[in-house]
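Heads up: the structure comes next, in structure tokens.
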Amino acid sequence: MREIHTSGPRQASIRLPDDPITADLRSFAFEIGLPGACAMTKDELVEGLRQFHMLRHAIETATGGLKPDPTAEAQ
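Numbering (this note's numbering), first residue to last: 13 to 87.
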């Protein structure tokens, strides 16, 4: 959803449905736990996902890959 703000004596905020690409980006951002994804614009989602990818790549490179969570099997 995106918001349109109107000005004037009767200010309002209208939520419009996302276009399909933004909806997919937002869905993926929710899946990976990107904070604040529900309030981000398409450009902010793209930048947030890019930063997440760069951070994950840096961690994987530094640690030799992500290690499986040993507690995940117990759940």
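A virtual CB, placed ideally from N, CA and C, is assigned to each residue, including glycine.
From a predicted model like this one, the values you see are computed outputs, not experimental measurements.
- Its chain contains D30, A49, C50, M52 and L57 as the residues whose beta carbon lies nearer than 8 Å to that of R38, once the 5 sequence neighbours on both sides are disregarded; these appear in chain order.
- When the five nearest sequence neighbours on each side are left out, the beta carbons in the same chain lying within less than 7 Å of the beta carbon of F64 are those of I44 and L46, in order along the chain.
- Annotated three-state conformation of P29 is coil, per DSSP.
- Rounded to whole angstroms, A74 and G60 show a C-alpha spacing of 21 Å.
- A35 counts as exposed, since fewer than 16 other beta carbons sit within 10 angstroms of its beta carbon.
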